[in-house]
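>
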Amino acid sequence: MKVLVVDAGGRGNAIAHAFSRSKLVSKVFVAPGNAGSEFFEKCKVAKLNGKSVSSIRAIDEIVKFAKKMDVDLTFIGPEEPLSLGLVDILEEEGIPSIGPTKSATILESSKCWAKDFLREINVPIPNYKNFSDAEEAKEYIKSVFKDGIVVKADGLAAGKGVYVCDSIEEAMKAVDEIMIKRKFGDSGKKIVVEERLRGIEVAFTAVTDGKNVKFFGHAKDYKRAFDSDDFDGMKDYYIAL
């Protein structure tokens, strides 16, 4: 079996390594990959005409490579290629893929939509309100602020669109950065202002085909202690199954 992993980070390397350990897998390609993607046996960076796939957003290149190499399975890690419909296109080409379709990615690509949907199906979530106007959001924050508040960009922001605020001033700054300065582009047209919850944060992971569910365990996230820069996965540990 030949597997294509679409990812540009360390997560993609870990996934590729996991696939490479299977006796069922003969080759693992990573697109676009990075300097560490070929450290493991069977793993290679995906290349077209001698050049690496340009980015996770290069949908045409990724599909062309998958067809050229007769890939048996594709695993897509980042949200962006999923939201661009990569799974839909691969399935049209008869290439099985692990990842949600473009329509299903709205759960990740729109926090406002996801919050409304979760409330509709009675999933317990923090109190929240969606906003498309910055001044209305600020007035709401002033009226409800108690022990912290969370401001979230509606759209995809590479894991950096959530502001956990300890003061009204921090929350005002978050609204300005997202909605006025448009730090995350169109992803900041709308925001979610959410009640802050305190306690232990754990992420549970599962894969489903719509009928069956396979649980992959859980990950613990540790928040930063001081004022250093924050980035994805810098403080996580995961129980390998």
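In terms of my numbering, the sequence shown opens at residue 3 and continues consecutively. Cβ atoms here follow ideal geometry from the backbone N, Cα and C, with glycine treated the same way.
#1: Between the Cα of residue 201 and those of 30, 224, 216 and 181, spot the shortest distance and give me the residue it belongs to.
#2: For the alpha helix (DSSP H) containing residue 83, name the first residue and the last one.
#3: Residue range of the alpha helix (DSSP H) that residue 142 falls in?
#4: Could you tell me if residue 168 is buried or exposed, where buried requires 16 or more neighbouring beta carbons within 10 angstroms of its beta carbon?
#5: Does the Cβ-Cβ distance between residue 14 and residue 32 come in under 8 Å?
#6: Would you check if the distance between the CB atom of residue 102 and the CB atom of residue 89 is smaller than 8 Å?
#7: Would you tell me roughly how many angstroms separate the C-alpha atoms of residue 8 and residue 91, rounded to the nearest one?
#8: Bridge partners of residue 219, per DSSP?
#9: Look at the alpha carbon of residue 78 and the alpha carbon of residue 184, and state the distance between them as a whole number of angstroms.
#10: Tell me where the alpha helix (DSSP H) around residue 62 begins and ends.
#11: For residue 179, which residues from the same chain have a beta carbon less than 6 Å from its beta carbon, with the 5 sequence-adjacent residues on both sides left out?
#12: Beta strand (DSSP E) containing residue 33: first to last residue?
#13: By a C-beta neighbour count over all protein chains shown, 10 Å radius and 16 as the cutoff for buried, is residue 133 buried or exposed?
#14: Assuming residue 157 contacts residue 99 (C-beta within less than 8 Å), just tell me the rounded distance between them.
#15: Residue 189: which of 115, 208, 215 and 129 sits nearest, CA to CA?
#16: When the distance is taken between beta carbons, is residue 142 closer than 8 Å to residue 196?
#17: Using C-beta distances below 7 Å, list every residue in its chain close to residue 126, excluding the 5 sequence neighbours before and after it, in chain order.
#18: Helix, strand or coil: which one does DSSP assign to residue 186?
#19: Please return the same chain residues whose Cβ sits closer than 6 Å to the Cβ of residue 220, not counting the five positions on each side in sequence.
#20: When DSSP labels each residue in this structure, what does residue 197 get in the three-state scheme?
In short:
#1: 224
#2: 81 to 85
#3: Where residue 142 is concerned, the enclosing alpha helix (DSSP H) stretches over 136 to 146.
#4: exposed
#5: yes
#6: yes
#7: 14 Å
#8: 207
#9: 28 Å
#10: Taken as a continuous stretch (DSSP letters only), the alpha helix (DSSP H) holding residue 62 covers 61 to 70.
#11: 185
#12: DSSP places residue 33 in the uninterrupted beta strand (DSSP E) bounded by 29 to 34.
#13: By the neighbour-count rule (16 or more Cβ atoms within 10 Å), residue 133 is buried.
#14: About 23 Å separates the two Cβ atoms, so there is no contact after all.
#15: 115
#16: no
#17: Cβ within range, chain order: n/a, list empty.
#18: coil
#19: 204 and 206
#20: Residue 197: strand per DSSP, three-state reduction.
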